[in-house]
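Chains as they are written, first to last, in our numbering: chain E, 1 to 285; chain A, 1001 to 1285.
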């Protein structure tokens, strides 16, 4: 018998859920809500849950082949170095690439800027049966754009409502949405930036411009606070994941995905053909 | 010390390379060219090489952030059940999703049919720094289309040249191309189709239409033979990978990818900033 998988005492779907009454500043970025184990147990759990995640993903995919319109969209937002890349690599990376549509949104191109801010987002949505992962998203349009003043305040204000409507329509058409903010402390970011400079194989990840963003820490936190206040809805909830401990953030996001998929009540599609007749055909072939 | 990784005696890049003089019918689909170990050693090797593959992929990606145009395109073609999905899951799946662009080509849509056959292919090419994986490809346009008579013989004939030119231009612009045919026997396919019917969680993968294609086995083999004859070039080579043994096919394709990336002479980009000055800025921040 393999050792028991450490369990969450409270599911991240409950422990990390935030609503319009969020107080971001009061959330401890080093905490491990719902989990009493340490790094060793956390890593064990991350590995152990991959089988469950894989089976759920395959069912989601299989159902789409028989007409299901269901899909899952995971939105990842965070300050630099908070660990979006690690989530993609270690959580999403354990899922069959055939069932994942990952997209990293960069600074909008000139072509993208000519359209409304949701235009480029809509092009990257997961199709039926897929798990979509957005590394950054339409939330940049109310985060960096607010902090940097790239758009006027009334425009930003209008976007919250457009985002709510957009996400509601996605949910309506079968896409489950999980919005994740990886929450780190400025001290942890400092340590991680310094580490990138210590290792030559990490230099490529370092961008001097990241330090300029870092100077605006408080403004970004305020923009996140506001964005979450305005766009927390029952159908497209936000989860704030403490991320100073990478192992916790990874297992928590994995569990959020598993919980969402389990809640979809997926099952293996029934054969739409006569199994015995097909077995006979194969035997003759 | 960890146990030594079993080695290929002859690299798959040499052992599996075919040219215009290919004789597909003479290639044993149960063989394990270049490797004397068995399933156990093969699986050990597959796991052990993931670290090398990951580092190479990350270098490819990192270089693209500093202006490199290099990318890799892996084309997977095969008869049904030959194991394309397993390659994607177990070989490609070990690579960071951020560095992989996987695309499965299906029957062309009405919109795609209104364009030339390479139009939809060009839209899915990997960008700089990416490993592109085509699950089926433009080769369907000279395989099923030939066998099923969806295009006239002179049109098919013209396509070989168009494919050669297209691939040459890709290579010219920095995309390394590996073309893989997973080669199984009709007996092995029969066993795999039967297995899909035995397990209820595999029924969704079974399509009665696959048996119709199976009836055309010899015609498909002839179409592959011809396609490989006409499109084997030094810059975009074909590799025929014996695939009756899944463990061999996976480790062989993994090694083909590793060999291609190693041949690109990738390295970690040098810092384009003053490391000490940035360290001082971080300390002050």
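Using N, Cα and C, we set each Cβ at its ideal position, and we do this for glycine too. In this text, all values refer to a predicted model and were calculated from it rather than measured experimentally.
Could you pull the DSSP bridge partners for residue 1033/A from this structure?
Position 33 of the second chain, counting from 1, holds the residue named residue 1033/A. In DSSP, residue 1033/A forms no bridge with anything.
Kindly list the residues whose CB is nearer than 6 Å to the CB of residue 232/E, restricted to its own chain and excluding five residues on each side of it in sequence; keep chain order.
Numbered from its first residue, the first chain carries residue 232/E at position 232. Sequence-distant Cβ neighbours of residue 232/E in its own chain, meaning closer than 6 Å and more than five residues away, are 19, 20 and 238.
Would you be able to state if there are at least three C-beta pairs under 8 Å between the segment 123-137 of chain E and the segment 187-204 of chain E?
Because the criterion of three Cβ pairs below 8 Å is not met, the segment 187-204 of chain E and the segment 123-137 of chain E do not touch.
Mapping the DSSP letters down to three states, classify residue 14/E as helix, strand or coil.
On the first chain, residue 14/E is found 14 positions in, with the first residue counted as 1. For residue 14/E, the secondary structure class from DSSP, reduced to helix, strand or coil, is helix.
Contact criterion: CB-CB distance below 7 Å. Does residue 1088/A meet it with respect to chain E?
For the purposes of this step, residue 1088/A is taken as residue 88 along the second chain, with counting starting at 1. Taking 7 Å as the threshold, the shortest C-beta distance from residue 1088/A to chain E falls below it.
Residue 200/E CB to nearest chain A CB: under 7 Å?
Your numbering for residue 200/E matches position 200 in the first chain. Flagged as an interface residue toward chain A: residue 200/E, by a C-beta distance shorter than 7 Å.
Short CB-CB distance (under 7 Å) between residue 1278/A and chain E:
Along the second chain, read from residue 1 onward, the residue named residue 1278/A stands at position 278. Yes, because at least one Cβ of chain E sits closer than 7 Å to the Cβ of residue 1278/A.
Buried versus exposed call for residue 1038/A [16 or more other C-beta atoms within 10 Å across all chains shown]:
Within the second chain, numbered from 1, the residue matching residue 1038/A stands at position 38. Looking at its Cβ environment, which holds fewer than 16 other Cβ atoms inside 10 Å, residue 1038/A is exposed.
Can you find a CB in chain E that lies within less than 7 Å of the CB of residue 1269/A?
As a first step, residue 1269/A is located in the second chain; it is residue number 269 there, counting from the start. It does: the Cβ of residue 1269/A has a partner Cβ on chain E nearer than 7 Å.
Simplified DSSP assignment, three categories, for residue 159/E
As a position in the first chain, residue 159/E is number 159, starting the count at 1. DSSP places residue 159/E within a helical segment (H, G or I) once states are collapsed to three.
Contacting positions in the segment 1213-1239 of chain A - beta carbon closer than 8 Å to chain E
Listed by position along the chain: 1214 and 1215.
Compute the distance between the beta-carbons of residue 1292/A and residue 1258/A, then report whether it is under 7 Å.
No statement about residue 1292/A is possible, as the shown extent of chain A runs from 1001 to 1285 and does not include it.
So what's residue 179/E in DSSP terms, helix, strand or just coil?
By one-based count along the first chain, residue 179/E stands at place 179. Secondary structure of residue 179/E (DSSP, three-state): strand.
Relative to the C-alpha of residue 228/E, which residue among 83/E, 157/E and 93/E is closest?
Taking the first residue of the first chain as 1, we reach residue 228/E at position 228. Taking only the C-alpha atoms, the option nearest residue 228/E is 157/E.
Figure out for me which residue from 45/E, 208/E and 246/E has the closest Cα to the Cα of residue 1273/A.
Here residue 1273/A refers to the residue found at position 273 of the second chain. Nearest of 45/E, 208/E and 246/E to residue 1273/A, Cα basis: 208/E.
Whole-angstrom distance between residue 1008/A and residue 1197/A, CA atom to CA atom:
Walking along the second chain from the start, residue 1197/A turns up at place 197. Walking along the second chain from the start, residue 1008/A turns up at place 8. Spanning the two alpha carbons is a distance of roughly 36 Å.
Should residue 253/E and residue 91/E be called a contact, given that it needs their Cβ atoms to be closer than 7 Å?
Here residue 253/E refers to the residue found at position 253 of the first chain. Here residue 91/E refers to the residue found at position 91 of the first chain. Yes, the Cβ-Cβ distance between residue 253/E and residue 91/E is below 7 Å.
Name the DSSP bridge partner or partners of residue 1101/A?
One-based indexing of the second chain puts residue 1101/A at position 101. The partner list for residue 1101/A (beta bridge, DSSP) reads 1132/A.
Along chain A, which residues have their Cβ under 9 Å away from the Cβ of residue 106/E?
On the first chain, position 106 is the one that residue 106/E refers to. Proximity of chain A to residue 106/E at the Cβ level (cut-off 9 Å) is not reached, the minimal Cβ distance being about 11 Å.
Taking all protein chains shown into account, decide if residue 283/E is buried (16 or more other Cβ within 10 angstroms of its Cβ) or exposed.
Numbered from 1 along the first chain, position 283 holds the residue referred to as residue 283/E. Exposed, by the Cβ-count rule.
Whole-angstrom Cβ separation of residue 292/E and residue 249/E, contact assumed at under 8 Å?
With chain E represented from 1 up to 285, any question about residue 292/E goes unanswered, as that position is not in the structure.
Residue 71/E versus 219/E, 173/E and 247/E, residue with shortest Cα-Cα distance:
Taking the first chain and counting its residues from 1, the one referred to as residue 71/E is at position 71. Residue 173/E is the option with its Cα nearest to residue 71/E.
Given a limit of 7 Å on CB to CB distance, which residues of the segment 95-128 of chain E reach chain A?
Hits within the stretch, in order: 96, 97, 98, 100, 102 and 104.
In chain A, which residues lie less than 7 Å from residue 136/E when you measure between Cβ atoms?
Numbered from 1 along the first chain, position 136 holds the residue referred to as residue 136/E. Result: empty, since nearest Cβ-Cβ is about 12 Å, beyond 7 Å.
By alpha-carbon positions, which one of 1154/A, 1279/A, 1064/A and 1221/A ends up nearest to residue 1129/A?
Numbered from 1 along the second chain, position 129 holds the residue referred to as residue 1129/A. Closest by alpha carbon: 1064/A.
Does the separation of the CB atoms of residue 177/E and residue 73/E fall below 7 Å?
Position 177 of the first chain holds residue 177/E. Position 73 of the first chain holds residue 73/E. Against a cut-off of 7 Å, the Cβ pair of residue 73/E and residue 177/E comes out as a contact.
Kindly identify the DSSP beta-bridge partner or partners of residue 1226/A.
Working through the second chain from its first residue, we reach residue 1226/A at position 226. The beta-bridge partner set that DSSP reports for residue 1226/A is empty.
Along the beta strand (DSSP E) that carries residue 241/E, what are the first and last residues, could you check?
Here the question's residue 241/E lines up with position 241 in the first chain. Residues 238-242.
Against chain E, does residue 1074/A count as a neighbour if the rule is that its beta carbon must be under 7 Å from one of theirs?
Taking the first residue of the second chain as position 1, residue 1074/A is located at position 74. No, its Cβ sits nowhere closer than 7 Å to a Cβ of chain E.
Determine which residues share a DSSP beta bridge with residue 1253/A and list them.
The sequence position of residue 1253/A within the second chain is 253, counting from 1. Bridge partners of residue 1253/A according to DSSP: none are assigned.
Measure from the C-beta of residue 93/E to each C-beta in chain A and report whether the shortest distance is under 7 Å.
The residue given as residue 93/E occupies position 93 in the first chain. Residue 93/E counts as touching chain A.
Is the Cβ-Cβ distance between residue 1184/A and residue 1244/A less than 7 Å?
Taking the first residue of the second chain as 1, we reach residue 1184/A at position 184. Taking the first residue of the second chain as 1, we reach residue 1244/A at position 244. Yes, these two residues count as a Cβ contact at 7 Å.
Kindly list, in the order they appear in chain B, the residues whose Cβ is closer than 9 Å to that of residue 185/E.
Included in the structure are the protein chains E and A, with no chain B among them.
Would you mind reading off the limits of the alpha helix (DSSP H) that contains residue 1077/A?
The count along the second chain starts at 1 and reaches residue 1077/A at position 77. Looking at the DSSP string, residue 1077/A is not in any alpha helix (DSSP H); the run it does join, the beta strand (DSSP E), is 1071-1078.
Would you say residue 285/E lies against chain A (beta-carbon separation less than 7 Å)?
In the first chain, the residue the question calls residue 285/E occupies position 285. Closer than 7 Å to some Cβ of chain A, the Cβ of residue 285/E qualifies, so yes.
Please report the straight-line C-alpha distance between residue 986/A and residue 199/E, rounded to a whole angstrom.
Only positions 1001 to 1285 of chain A appear in the structure, and residue 986/A is not among them; the question remains open.
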